[in-house]
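One structure is given here, and the rest of the page talks about it.
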Amino acid sequence: MKFNENTRYGTTNVVIERHTIVETSSALPFERRDLSQDTTISSLSNVSSGQQVTIKGHLTDLFGSKKILSRSGQELIKQDGLVSDATGTIKETEAFEGPLAKPDISQEALTNKELIVNLLGLSSASQHISCSSCRRKIESEDNPSIAFCSACNLTQKVSRCSKQWIVKLFLQSNENPNHKFNVTAFNNIVQQLVARCFTDDSLDQMTPKQLTNHLIADIDELHIVYDTIQKKIIELS
Ligand SMILES: [Zn+2]
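Each residue of the sequence shown is one higher than the last, beginning at 13 in this note's numbering.
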């Protein structure tokens, strides 16, 4: 067995590295025991590279999986996740040989709700411009024709930026009239709502007041899919 030793932390540690060959032995002179002394996530900065540690935590986020090729040419499925304990969070990468089990219920199915509603009113309608490059919301500067995006540092022409409407609707469930709630409609939904109004005015030219009046006058019943957590409309049908 080829290995290195270090005495960095006051004790002599065996460091297992890439070139280390661990031979299996049939009988060890001690019993195998699961490690009960867990390392906390915040203390991981004190462990040395190559050291094996056991951490115990909750999987708080799971990202999409992708296929990778291992050094031996074998196709593996790689998936990243976030593991948290009371002291911190780390990103954890797993490479699996086989396909991953898919959860039965998607996150979408848990938070999205389909409902027939009546439009009772609008509590706000506002418009902002979004960055031509990263599409984030930006504010125009003192000069109303020039805008600066603090997210990607792009100084740009306001006239070339797209305008995004955000409208807050107050709705009532058709099935249960006592259920009244606010949801946000972002630009793509606002465009679809205006298309149902009896007006030829372009959304770009409307003031918030005009948009509010058109929607209240012309929109009554709606069939929506909305996100119950983020309180936003996802789909109109
Ligand atoms: Zn930007």
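Note that beta-carbon positions come from the ideal geometry of N, C-alpha and C, so glycine has one too.
Keep in mind the model is a prediction, meaning the values are calculated, not measured.
Only buried fits A197, as 16 or more other CB atoms lie within 10 angstroms of its CB. Placement of the Cβ of R148 at a distance of less than 6 Å from at least one heavy atom of ligand 1 is found. Per the DSSP secondary-structure output, N130 pairs in a beta bridge with Q184 and E233. Taking 7 Å as the cut-off, the beta carbon of V129 is found no closer than this to the beta carbon of I228.
With respect to the 7 Å criterion, S136 and K180 are classified as neighbours on the basis of their beta carbons. Exclusion of A159 from the 6 Å shell around ligand 1 follows from its C-beta lying no nearer than that to any non-hydrogen atom of the ligand. Nearest Cα to Y238 within the set L134, V65 and E247: E247. Just measuring C-alpha positions, the residue of K243, N194, H70 and V195 sitting nearest A98 is H70. If you look at Q86, you'll find it isn't in any alpha helix (DSSP H); DSSP assigns it neither H nor E. For Q203, the enclosing alpha helix (DSSP H) begins and ends at N199 to A207. A direct Cα-Cα distance of roughly 15 Å separates E104 from T51. Per the DSSP secondary-structure output, Q139 pairs in a beta bridge with W177.
By the criterion of a C-beta distance shorter than 8 Å, D73 is surrounded in its chain by G93 and L94, once the five residues flanking it on both sides are discounted.
Boundaries of the beta strand (DSSP E) harbouring N25: N25 to V27, taken from the DSSP string. E247: member of the beta strand (DSSP E) spanning K244 to L248, first to last residue.
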